[in-house]
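Participant: For the record, the sequence lines run as chains G and F.
Going by the numbering used here, the first sequence opens with residue 1, and the numbers climb by one from there.
Going by the numbering used here, the second sequence opens with residue 1001, and the numbers climb by one from there.
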Amino acid sequence: MATTVRGALPPVPRPITFRWTSAIPYLVLLAFTLPILVLYGWLLYGSFFPRMEGLKPIGAFTLENWRFLWAPETVDALRFKPPIIPLTINTLIFSLSTSLVVLLISSMAGYALSRIRFPGRRTFLAGVLLLHSFPSVTLLIATFLVLRQLRLYDQLVGVILVKTAFELPFGIWIMKGFFDTVPWDLEMAALVDGAGRLRTWWRVVMPLVKPGLLALGLLSFVSGWNEFLLPFVFMPSGTQQTLSVLIRGLIGEGRFVDYGLVTAVGLYYVAPILILFFFAQDRLMKIYAGGVKG
Amino acid sequence: MRVRLEKLTKRFGTVVAVTALDLEIASGEFVALLGPSGCGKTTTLLMVAGIYRPSEGAIVFGDRRVEHLMPKDRGIGMVFQSYALYPHMTVAENIGFPLDVGRSTSKEEKSRRVREAAALVRVDQLLDRRPAQLSGGQQQRVALARALVKRPDILLLDEPLSNLDARLRHEMRGEIKRLQKEVGITSIFVTHDQLEALTMADRVALMRDGVLQAYAAPGELYARPGNQFVAEFIGTPPMNFFAADIGARNGSVVARTEGIELELAGFRPPAAGAQATIGIRPEHLALVSPGEGDASGEVYVVEPMGREQIVEVRIGERRLRAIAPPGFAGRIGDNVGVRFTRERLHLFDPASGARLA
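Below is the structure:
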């Protein structure tokens, strides 16, 4: 027992109650998680060894698979592909633009839907929800026709617009939810304090939904980064391709697949996302702890 | 600045929240909008603030009609029930916000006025804090400073004290009243607490179901309530009411009910054989020895309040509340006499509730 300082509370004795039964949930969870961990482990190993036989790496540790970064011309599978750095930049432009446009439109639409009672509001909300549940594959042909009509087919801008449109229903609903939590009183106060509607929105309401903006921005960035179908279908000529399309190309063409290369490029592809989540996890977790405190 | 509301009406769909409200507030006056919840008092305040647009009627500040103006163009400051401080700004930024968005104020001028307003409500030590780091009373003061920093013509307060604990409420009650007189600003405040209205306001507007019931100085409202609702609503403990038959005896008018007979000297008799609701405040009932007074009953319950005791007396099937001095030693079940202070009786029409005399 530790000596207690006068006036301070005595330390609460920590009960030693470890029982083997308390390990059971962890063991069960581990059993279910293991396949996923194996997946990531295989990816990591595969990129640093010449060959894998099942789950077992063959040969000595090597950086050979990663040479696409510094000597792409020596990699056979990449010979007829666009260089990887411009592809990365394309992917970045694609994801960032999507994310920004989604943020801009969602925050304005969400605000309007949360605050203004206009005719057709409920119908609109229901319609947006319906759009969200539409699989984008079913719209591919129609989207193609529209893009060609607008002369945006085979252009990055076109795909960005399409991706944004598909992301918007989710974004609008999320942002509407966040705006719903901002008390009316704050807006009334801002109006009485002399601000107009736009300034109230920007100076008072937007800062209060920052956690929502952050989360939505991040999620739509990741969604853009992972997007394969839209760039693959709507940018066939290749110069503006994204990384996901490249990886598909590495797996899906020719008789021989260089799995070492595929795993290395795959890791290169997911690395930014992992880093992003590593730094943003606190922010993402705070989504529900945020909001307004009286 | 003088404020005039003319035939002010607000409808939400088919519900009428405020009906043809006429109210005139003199420059520098402190007026309370009082009433139970749902009576339209907050709706009225929000119309004056410019948050709600009136369905009909006029709002006049000075000589200027303002009902079509945005809140920012009305020259008002407002304190909300929730205080509505901006959580992402410091106290200084909160107080300075109205100066940011209004006419361009120089940086020095702005910080001077923020400090001045903060000092006025004694939060000048807290300027770097955020609202979440403040106590309820401090938040209230910051909200006041923010409402006053623009030097508005009119100050609006929506239930300013309802979120404070009892002790702090008492303190802020006095402080807001003092501040209002010091600044000399025309003020309207909304409350459901009659004690707040009586203690703070120069005049009280009592509303029910969107209709103005009375508009008078607190003393007059208390002494001569214009109808039964006003009489019920104003005063704690509340006024006693009982139904009585009005009749004649020996040439004078009397009110009779089970166990009680009161001569109504100086009252003009309503129609013979009429009914009336008699009202009398607890402090106008005196407890006397059994057999004396106007009625006799037994003590039902005694509630000592320190300075006085509230004694409920059962007379027949009816119970009346009286205020007794601390020395009153009656116990539950004791017989006791009750004397009515005649000139303090209130008579109301049982059907309409209107004051008869």
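C-beta: ideal position from N, C-alpha, C; glycine also.
Comparing the C-beta of K1107/F with each C-beta of chain G, is any distance below 8 Å?
Facilitator: no
Participant: With DSSP run on the structure shown, which of helix, strand or coil describes G46/G?
Facilitator: Residue state, collapsed to three classes: helix.
Participant: Taking all protein chains shown into account, do 16 or more other C-beta atoms lie within 10 angstroms of the C-beta of T33/G, making it buried, or fewer, making it exposed?
Facilitator: exposed
Participant: I'd like the list of long-range same chain contacts for A1145/F, defined as Cβ closer than 7 Å, with 5 residues on each side in sequence excluded.
Facilitator: Taken in chain order, the residues that qualify are I1095, A1117, A1118, L1120, V1121, V1123.
Participant: Is there a C-beta anywhere in chain G that falls below 8 Å from the one on H996/F?
Facilitator: Residue 996/F is absent from the structure shown; chain F starts at 1001 and stops at 1357.
Participant: With a threshold of 8 Å between beta carbons, is G194/G in contact with chain F?
Facilitator: yes
Participant: S1082/F CB to nearest chain G CB: under 8 Å?
Facilitator: yes
Participant: Excluding the five sequence neighbours on either side, which residues of its own chain have a C-beta within less than 7 Å of the C-beta of R1344/F, listed in chain order?
Facilitator: These residues qualify, in order along the chain: I1280, R1281, H1284.
Participant: Closer than 8 Å by C-beta to R115/G: which residues in its own chain qualify, once you throw out the five before and the five after it? Chain order, please.
Facilitator: F179, E187
Participant: Strictly under 8 Å for the Cβ-Cβ distance: is M175/G near chain F by that measure?
Facilitator: no
Participant: I want to see whether chain G comes within less than 8 Å of M1001/F, judged by CB atoms only; does it?
Facilitator: No, M1001/F lies away from the interface with chain G (no Cβ there is under 8 Å from its Cβ).
Participant: With 16 other CB atoms within 10 Å as the buried threshold, where does K293/G fall?
Facilitator: With a pLDDT of only 38 at K293/G, under the threshold of 50, the placement of this residue in the model should not be trusted; the figure read from the coordinates follows. Per the 10 Å Cβ criterion, exposed.
Participant: Could you tell me the alpha carbon to alpha carbon distance between L78/G and P231/G, rounded to whole angstroms?
Facilitator: Those two C-alpha atoms are separated by around 19 Å.
Participant: Does the segment 1130-1140 of chain F come close enough to the segment 1076-1093 of chain F that 3 or more CB-CB pairs lie under 8 Å?
Facilitator: yes
Participant: If you draw a straight line from the C-alpha of L29/G to the C-alpha of S220/G, how long is it?
Facilitator: L29/G and S220/G have their C-alpha atoms spaced approximately 29 Å apart.
Participant: In the structure shown, what three-state DSSP assignment does V1338/F receive?
Facilitator: strand
Participant: Answer with yes or no whether the minimum CB distance from M1078/F to chain G is below 8 Å.
Facilitator: Closer than 8 Å: yes.
Participant: Could you say which of L131/G, V265/G, I275/G lies nearest to I84/G if we only look at CA atoms?
Facilitator: V265/G
Participant: Tell me the rounded alpha-carbon separation between R51/G and P82/G.
Facilitator: In a straight line, the C-alpha of R51/G is about 25 Å away from that of P82/G.
Participant: Taking the straight line between their C-alpha atoms, what separation do you get for P1036/F and L216/G?
Facilitator: The alpha-carbon of P1036/F is positioned some 44 Å away from that of L216/G.
Participant: Can you give me the C-alpha to C-alpha distance between L150/G and Y269/G, rounded to a whole angstrom?
Facilitator: 31 Å
Participant: Tell me whether the segment 246-262 of chain G and the segment 194-201 of chain G touch, counting them as touching only if at least three CB pairs, one residue from each stretch, are closer than 8 Å.
Facilitator: no
Participant: Please go through the segment 1214-1301 of chain F and give each complete beta strand (DSSP E) segment of 3 or more residues, from N-terminal end onward.
Facilitator: 1240-1249, 1252-1257, 1260-1263, 1275-1280, 1285-1288
Participant: Could you pull out every unbroken alpha helix (DSSP H) segment of at least 4 residues lying fully inside the segment 148-205 of chain G, listed in chain order?
Facilitator: 156-180, 184-192
Participant: Just by C-beta distance, which residues in the segment 96-119 of chain G are closer than 7 Å to chain F?
Facilitator: none
Participant: Might you give, ordered along the chain, the residues of its own chain that have their beta carbon closer than 6 Å to the beta carbon of L156/G, omitting 5 neighbours on each side?
Facilitator: Q240
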